[in-house]
């Protein structure tokens, strides 16, 4: 444990959000500790798709989820699955999700996502440059491809919707796709290229580099689980599995595990659930693609990294307790078959599962509550990596007496009391 002097801010959660926030807070003169039962970056941040997804300005679901619900319950290998045993617990969350698809709520979500994503690339450029690691992010765009002629209508509709939101994009013919990525199949009809996106060559390395920078600024990382939290007159008290820790402020940034502590500190029950995401890492295929490629029909993404080609994107609603079903990770390899001139090698492949923290309106909570003693930064769903750097700047702004960053999103869409 640290010495008896209360720290300024205790950050609960050592994923990409918590670590980025800890570094930025320490840089602005605050004494910071980070608490997590795992080593930094070993949760959802370890295995994400690695895509800087600034183009994803729409909620995680639309009204078609109603027609897809039977398939979600029946197909264990489908791209979107709901464990029928988890259905009673998930149902209130899904009801809220559907209510958020009403026009006014939907537009609010899109505006919030767009504001965060438009600020994300610049924030990441500043953060990586500040630790002298800009090479960890490849700003080479990403591609959404389609294979069937009857998918052209869906691609055209998506292109129009994204253009309405000022998302930079280009339509590519099949020939243009294969010119940029020659190993892709002749069956691909075309796609949408997003020049304002990119990918991280190793998401876990990004966390490690930020941790090293944070330690250089005095941040302590403690391998402890926070069991209970309460607000006191002078700050907050955190009971961990190794003792009690006092801090003037606490930042809850522990992803899918944030609901319990938020309720204890604020009295507010947040509708936080987890989308269990799987990936399959193919170590022999690191040179197959020049940038991240997503399949419209097959609904998964392939991202080139230093450790191989990462296949990711499957979603499962089954809560935090049920064991992983790694068949879903291996299914990603089967989904890739036919996308390339020569099928991908699965030799030495490794599967993984992690918990994406999702709120039913697809927006995170980023706010200062309880007279400033409690800071919240969680619920980024599929976009935690994308939005981590801008979230860190917003969190610093919540505690700073004067503006420190320009062009940050307005805080209103991300407030706790919207639930």
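Numbering (our numbering), first residue to last: 1 to 419. Note that the Cβ used here is the ideal one computed from N, Cα and C, for glycine as well. Quick caveat: nothing in here was measured; it's all calculated off a predicted structure.
Close beta carbons around residue i, own chain, < 7 Å, minus the five adjacent residues each side
| i | result |
| --- | --- |
| residue 2 | Note that residue 2 scores a pLDDT of 47, beneath 50, so its modelled location is shaky; the value from the coordinates is reported in the next line. Taken in chain order, the residues that qualify are 33 and 220. |
| residue 346 | 282 and 333 |
| residue 128 | 134, 136 and 137 |
| residue 123 | 389, 390 and 393 |
Start-to-end residues for the beta strand (DSSP E) that takes in residue i
| i | result |
| --- | --- |
| residue 350 | 350-358 |
| residue 244 | 243-252 |
| residue 377 | 374-378 |
| residue 220 | 220-222 |
| residue 230 | 226-232 |
Three-state secondary structure assigned by DSSP to residue i
| i | result |
| --- | --- |
| residue 2 | Any reading at residue 2 must be qualified, since the residue scores a pLDDT of 47, below 50, and its modelled position is unreliable; no value is offered. |
| residue 365 | strand |
| residue 57 | coil |
| residue 238 | strand |
| residue 317 | strand |
| residue 270 | coil |
| residue 305 | strand |
| residue 443 | The structure shown does not extend to residue 443, since the chain is modelled only from 1 to 419, so the question has no answer here. |
| residue 102 | coil |
| residue 412 | helix |
| residue 295 | strand |
Nearest-angstrom beta carbon gap, residue j and residue i [assumed within contact, 8 Å]
| i | j | result |
| --- | --- | --- |
| residue 384 | residue 48 | 7 Å |
| residue 377 | residue 390 | Contact doesn't hold; Cβ gap of about 11 Å is too wide. |
| residue 120 | residue 194 | The Cβ separation is near 13 Å, so there is no contact. |
| residue 272 | residue 295 | With 8 Å as the limit, residue 272 and residue 295 do not qualify as a contact, their Cβ atoms being about 29 Å apart. |
| residue 201 | residue 306 | 5 Å |
| residue 331 | residue 77 | 5 Å |
| residue 198 | residue 132 | Between residue 132 and residue 198 the Cβ distance is about 18 Å, and since that is not below 8 Å, they are no contact. |
Proximal residues to residue i (C-beta, below 8 Å), its chain only, five neighbours per side dropped
| i | result |
| --- | --- |
| residue 86 | 317, 318, 319 and 322 |
| residue 44 | 15, 255, 256, 277, 354, 355, 356, 357 and 384 |
| residue 284 | 308, 345, 347 and 348 |
Same chain, Cβ closer than 6 Å to residue i, neighbours up to 5 away in sequence not counted
| i | result |
| --- | --- |
| residue 434 | For residue 434 there is no data in the structure shown, the boundaries of the chain being 1 and 419. |
| residue 326 | 351 |
| residue 279 | 47, 310, 312 and 352 |
Enclosing alpha helix (DSSP H) for residue i [first to last residue]
| i | result |
| --- | --- |
| residue 204 | 203-216 |
| residue 392 | 384-399 |
| residue 27 | 16-27 |
| residue 342 | It is not in any alpha helix (DSSP H) - residue 342 carries neither H nor E in the DSSP assignment. |
| residue 263 | 258-266 |
| residue 32 | Unbroken run through residue 32 is the beta strand (DSSP E), 32-35; no alpha helix (DSSP H). |
| residue 94 | 87-99 |
task: Taking only runs that begin and end inside the region 113-201, name each unbroken alpha helix (DSSP H) of 4 or more residues, in chain order.
output: 152-164 and 174-180
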